[in-house]
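In what follows, a structure is listed as structure tokens, so that the remarks can point back to it.
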Amino acid sequence: MILKILWPRDHVKGNPFGGVSGYRSLKITFDSGSFNNLSSEEQKALDLLNDLARLDDVDALSFDGSLFPKIVIDAEKINNNYIPIKIINPEGEAILFSGVSSSYIEPNCLAHLLGIYSSGEEDKYRPIKQEILEAQSHGALHRDLFVTNSPLLIKNRNKLERLIICTPKEALKITGLYLRMKGEFEWTTHIRGNCTFRSSRRTFYEYVSRGLLPSSWKFLSGIGTQKNREELIDLGWSVLNRYSRALQARDEISRLFYLLDNASLIKDNTLDDQMAYHFDYFTVLLTAALDAEALIINKVFELGLKDVDCGIRREKFINSLYKNNSACNLFTLLNEQ
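Read left to right, the sequence shown gives residues 1186 to 1522 (my numbering).
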């Protein structure tokens, strides 16, 4: 499922994914107190997200100081129905003051989220109120992604959709896409200490496609031992290049999807047309890659077909696959994840 995003209404500074006003920093808030008992996948995603959060194009805050600056909520000082919040830099200096409405922790709001509320169980609701205050302070500061593992907030995010509540895994996907659209291609390893590598756009997508289709890369990298190896090598690289370009087209579709809530930011409001263009390009690339694989299968297994009869929409090629188990198995293997 793709997480629906309603970006903060801050059009003057643009949108993280572009538009007429250009890109702006992606603002991430870490609900660090909720990160106990993460699954292994979510923990891995959080570790990677913490690395990316230190890049210049990412504006990250926390509540516990695990990342600076940090947000401090003074819940004991309610002033005119507002609870003061401030952002503290690493030197302990307040660099921004704001406030969040105290109405978010009043009985009617709590009952809306929880379905039930009892005024006689204040101790029970104290940690819940803190979770809600942290999420709403994130919203009061007009920030983007609120990264949390809180079951309460995740369960109720449809009621809090303007806060963009997401898990570490969801936030990592959005942040990675944002950085790729900015032209930042980062690899991070923790072997022998933290180390970050930067790569070109082409190399990045080639490595990603290799990870998604390892069998295809392994076979196509070894076809130089076959007869007609020069022709097969050219065909093999055309397959791999089309897969990596298809990933780039998919990213463009995703970027435009995250602009849907801000369609007015696109000149002439052509968002749907742009998305359709990239989707058509995406499908053409995948079809062309599969057709090139069909040509390779025909030559390697000597099926005896003309080039024009080789393709996933060609009846003669499909019939030949049914008659040759080895060719059919290889064609299937090439496209397994």
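All C-beta atoms, glycine included, are put in the ideal place defined by N, C-alpha and C.
key: Extent of the continuous beta strand (DSSP E) run through Pro1269   = Start and end: Tyr1267 to Ile1273.
key: Identity of the residues DSSP links to Asp1244 by a beta bridge   = Lys1212
In DSSP terms, what Leu1256 is bridged to = Looking at the sequence provided, one finds Ile at residue 1256 rather than Leu. Note: Ile1256 sits in a beta bridge opposite Ile1272.
ask   = How about Leu1417 and Ile1481: are their beta carbons less than 9 Å apart?
value = Yes. Within cutoff.
key: Three CB pairs or more closer than 8 Å across the segment 1470-1490 and the segment 1504-1521   = yes
inquiry  = So the candidates are Tyr1267, Asn1293 and Pro1336; which of them puts its Cα closest to the Cα of Gly1284?
reply    = Tyr1267
inquiry  = Tell me which residue opens and which closes the beta strand (DSSP E) that Ser1283 is part of.
reply    = Ala1279 to Ser1286
Distance, Tyr1208 Cα to Leu1444 Cα = 11 Å
request  = Rounded to whole angstroms, what's the CA-CA distance from Leu1519 to Ala1473? Just pull it up for me.
outcome  = 14 Å
key: Host alpha helix (DSSP H) of Leu1488 (start-end)   = Secondary structure note for Leu1488: it is in no alpha helix (DSSP H), with a DSSP letter that is neither H nor E.
ask   = Hey, quick one: how far does the beta strand (DSSP E) through Leu1330 stretch, first residue to last?
value = Leu1330 to Val1332
message = Whole angstroms are fine: how far does the CA of Ser1511 sit from the CA of Gly1203?
response = 48 Å
request  = Starting from the N-terminal side, write out each stretch of the beta strand (DSSP E) that is 3 residues or longer and does not extend beyond the segment 1369-1432.
outcome  = 1371-1374 and 1380-1383, all fully within the segment 1369-1432.
query = Which class does Cys1495 belong to by DSSP, given the choice of helix, strand or coil?
reply = coil
inquiry  = My output table needs one value for Asn1510: the three-state DSSP class, helix, strand or coil.
reply    = Helix at Asn1510.
Contact set for Ala1356: own chain, Cβ-Cβ below 7 Å, skip 5 residues either direction = Ile1213, Leu1234, Leu1330 and Val1332
query = Considering only residues of the same chain and omitting the five flanking positions on each side of Ser1384, which have a CB-CB separation below 6 Å?
reply = Here the set comprises Phe1370.
query = Per DSSP, which one or two residues make a beta bridge with Cys1351?
reply = BP columns for Cys1351 point to Val1332.
inquiry  = For the segment 1237-1245 against the segment 1387-1397, do three or more pairs of beta-carbon atoms, one drawn from each stretch, fall closer than 8 Å, so that the two count as touching?
reply    = Verdict: no, contact absent.
inquiry  = What does the Cβ neighbour count give for Asn1514, buried or exposed, with the cut at 16 atoms within 10 Å?
reply    = exposed
request  = Would you please state the rounded distance, in angstroms, between the beta carbons of Asp1249 and Ser1217? I believe it to be under 8 Å.
outcome  = Right, the Cβ-Cβ distance comes to about 4 Å (below 8 Å), so this counts as a contact.
inquiry  = Is Asn1200 close to the ligand HEM? I mean its beta-carbon at under 8 Å from any heavy atom of the ligand.
reply    = What this structure holds is no ligand at all, so the ligand HEM is not there to describe.
For Ser1304 and Pro1292, the rounded distance between their alpha carbons = 8 Å
ask   = How long is the line joining the alpha carbons of Leu1191 and Leu1490, rounded to whole angstroms?
value = 52 Å
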